[in-house]
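Worksheet: the structure to be examined is printed underneath.
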Amino acid sequence: MEIRDLTEADLDDVIDARRRAFGPIPAHEREQWRRAVLPTLAEGRYLGAFDGDRLAAAARLRRFTQWWHGRPQPMAGVAGVAVNPEYRGRGLGTRLMTTVMERAAQLGDAVSALYPATTAIYRGLGYEHAGAQHMVRLPAEQLRRIPQTGQVKLRRMGPADAAEVVSVLHRVHAANRSSGPVSWDERTWAVWLDNEDAFLYLADDGYAGYRWKGEDIRVDNLVAGSGETLRALWSLVGTASSVARDVVAPVAPDDPVLWLLRERTKEQVTQVRWMFRVIDVPAAVERRGFPAHVSCDAVLSVDDPVRGDGTWRLEVSGGSGAATPADGPGPRLRVNGLSALYAGVPTATLRLSGLMTGDDRHDEALDAAFAAKPYMLDYF
C-alpha cells in the first residue's frame with residue numbers, strides 16, 4: 006500500500022470513495038467541492054492510500070486559522086477521511102492519519118482538529134474531545150423583535166468580499182478572546198460566498214450568511230463585533246418569520262443573542278463534537294493566547310507515540326507562553342491529555358479519566374492558564 010499526494014486525475018475516485026463513506030453527493034455539491042479542492046492538490050493537502058492503481062483511502066488537510074484565547078494560528082483541519090468498504094478493518098485509516106499528521110507538521114501546523122465519525126481511531130492517534138458546534142433552534146419571531154440600538158449599514162456580499170470577511174473574523178475573535186472558532190482562507194471563502202442559494206450580508210464589523218432549509222431558516226455563519234451589528238444581523242435573519250417558524254443556527258455556548266431574546270426557557274441545542282490535537286508542543290504553546298494576569302511555571306512529561314515523547318517546561322506570563330525541553334519531576338500526560346488541557350479541559354477531569362497522573366502542585370495554575378470554552382461555528 007502506497008500513500009502519496011493526490012492529483013486531479015484521482016478526484017473522480019475520491020468522490021466515489023466519499024459517496025461510499027458518507028452517502029450520495031448532489032451534482033452541485035460535487036462541483037463546489039472540486040472548485041475548493043483543486044488549488045490544494047499542489048500544496049500537498051490531499052493524501053491518498055493506493056493498492057496498486059486503486060484508491061483505497063483518502064484524507065484532506067484543510068487550511069484553517071484557529072483562535073485560542075483571541076490569538077490566531079494556522080490549524081490543520083482534517084476532513085473527508087474515507088476508506089473504501091473493501092479496505093476497512095486493516096488499519097489503513099490509522100496509517101493514513103499518521104502520515105496526515107506528519108504532513109501537517111511539515112506544512113507548519115502545530116495543532117489539528119476534526120469532526121470524528123468515530124472516536125476510537127482518532128483517540129488512538131492522540132486526538133481528544135475538546136469542544137462542539139452548538140446548533141440551537143430559535144423562534145424566528147423572537148429574533149425579528151430584537152430591539153435595535155443604532156443604525157447599521159448592511160450590504161449584500163459576494164466572492165469579492167472574501168478578504169473583508171477574513172479581516173472581520175480576525176478583529177472580532179481577537180477582541181472577544183475567542184477559543185476554538187476557525188476561518189477558511191480567502192480562496193475558500195470566495196467559493197463559499199459564490200453560493201446562489203445563500204443570503205449574504207456584510208457590515209463594517211460583522212456578517213451573516215443564511216439560507217432556507219426545508220421550512221426553517223438555517224444560519225451558516227453570523228459574527229458581530231458590536232451590539233448594534235449583532236442586533237441588526239439577527240433581526241435581519243428574523244424577518245423571515247412570516248414564513249419560517251424557526252431559525253437553526255450555530256452559536257457560542259454563551260452567545261450574546263441568547264441574552265437578547267425576550268423569552269428563554271427551554272432550548273433545543275444539538276452539539277456536534279469535535280476533537281483536537283497538539284502536533285508541535287513548543288509552537289502550539291507559543292502561538293496560543295493566555296489570560297494576561299495568569300502566571301505558571303510547570304514541568305510536564307508528554308507521552309506521544311506518534312510524534313515522540315518529551316518533557317517540557319511550560320512558562321506562561323503576560324498573556325504569552327513558551328514550552329522548552331526540560332528535565333525534572335512533574336505531572337505526566339498522554340498527548341490526548343495535553344491536547345485536552347490546551348483546550349481548557351480541567352486537570353481534575355484529566356486525572357479522573359486517567360489522562361494525567363503524578364505531581365498535582367501546579368494543577369490550579371494550569372487550569373487558570375488554559376481556561377477556555379472552545380466552540381466552532383463551522384462544520385468541515
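Numbering (my numbering), first residue to last: 6 to 385. Backbone N, C-alpha and C define an ideal beta-carbon position, used for all residues, glycine too.
Worksheet item: For residue 161, which residues from the same chain have a beta carbon less than 7 Å from its beta carbon, with the 5 sequence-adjacent residues on both sides left out?
Response: 205, 206
Worksheet item: Contact check, residue 74 vs residue 296 under 8 Å by CB: the rounded distance?
Response: At roughly 7 Å, the Cβ-Cβ gap stays under 8 Å, so residue 74 and residue 296 are in contact.
Worksheet item: Going by beta carbon distance, what residues of the same chain come within less than 6 Å of residue 318, once the five residues before and after it are set aside?
Response: Excluding sequence neighbours, residue 318 sits near 304, 329, 331.
Discussion item. For the segment 123–130 against the segment 89–107, do three or more pairs of beta-carbon atoms, one drawn from each stretch, fall closer than 8 Å, so that the two count as touching?
Written reply: yes
Item to complete: Tell me whether residue 279 is buried or exposed, calling it buried when 16 or more other Cβ atoms sit within 10 Å of its Cβ.
Response: Counting Cβ neighbours within 10 Å, residue 279 comes out buried, since at least 16 surround it.
Item to complete: Leaving aside the five residues before and after residue 224 along the sequence, list all residues of the same chain whose C-beta is less than 8 Å from its C-beta, in chain order.
Response: 213, 214, 215, 242, 252, 253, 254, 255
Practice prompt. Round the Cβ separation of residue 263 and residue 147 to the nearest angstrom and send it over; I've been treating them as touching at under 8 Å.
Written response: Between residue 147 and residue 263 the Cβ distance is about 11 Å, and since that is not below 8 Å, they are no contact.
Worksheet item: Going by beta carbon distance, what residues of the same chain come within less than 6 Å of residue 142, once the five residues before and after it are set aside?
Response: 251, 253, 273
Discussion item. Considering only their Cβ atoms, is the gap separating residue 289 from residue 115 smaller than 8 Å?
Written reply: yes
Fill in: Inter-residue Cα distance where the pair is residue 35 and residue 17
Answer to the nearest angstrom: the Cα atoms are 10 Å apart.
Worksheet item: Does the distance from the C-beta atom of residue 301 to that of residue 355 stay below 8 Å?
Response: no
Fill in: the segment 83–93 contacting the segment 56–64, beta-carbon criterion three pairs below 8 Å
As far as the Cβ criterion goes, the segment 83–93 touches the segment 56–64, which means the pair count is three or higher.
Item to complete: Rounded to whole angstroms, what's the CA-CA distance from residue 363 to residue 379? Just pull it up for me.
Response: 26 Å
Worksheet item: Between residue 179 and the rest of its own chain, which residues show a CB-CB distance below 6 Å, the 5 nearest in sequence each way excluded?
Response: For residue 179, where only same-chain residues beyond five positions count, the Cβ hits under 6 Å are 75.
Item to complete: Identify which residue in 360, 77, 140, 208 has its Cα closest to the Cα of residue 233.
Response: 208
Worksheet entry | As assigned by DSSP and simplified to three states, the class of residue 21 | helix
Practice prompt. Give every residue of the same chain whose Cβ lies closer than 6 Å to the Cβ of residue 342, excluding the five residues on either side of it in the sequence, and list them in chain order.
Written response: 355, 360, 361
Item to complete: Answer yes or no: do residue 30 and residue 39 have a C-beta to C-beta separation smaller than 8 Å?
Response: no
Worksheet entry | Beta-carbon contacts of residue 155 that lie in its chain and below 6 Å, excluding the five residues immediately before and after | 233
Worksheet item: In terms of alpha-carbon separation, which member of 203, 10, 132, 382 lies closest to residue 53?
Response: 10
Worksheet item: Could you give the distance in angstroms between the alpha-carbon of residue 236 and the alpha-carbon of residue 158?
Response: 12 Å
Worksheet entry | Element boundaries [alpha helix (DSSP H), containing residue 276] | It is not in any alpha helix (DSSP H) - residue 276 instead sits in the beta strand (DSSP E) that spans 273–283.
Item to complete: Please say whether residue 80 and residue 187 have beta carbons closer to each other than 8 Å?
Response: yes
Worksheet item: Are there 16 or more other CB atoms within 10 angstroms of the CB of residue 106, so buried, or fewer, so exposed?
Response: buried
Practice prompt. Using only alpha-carbon positions, find the residue among 50, 70, 19 that is nearest to residue 381.
Written response: 70
Item to complete: On a CA-only basis, which of 189, 185, 181 is nearest residue 167? Give me that one, please.
Response: 189
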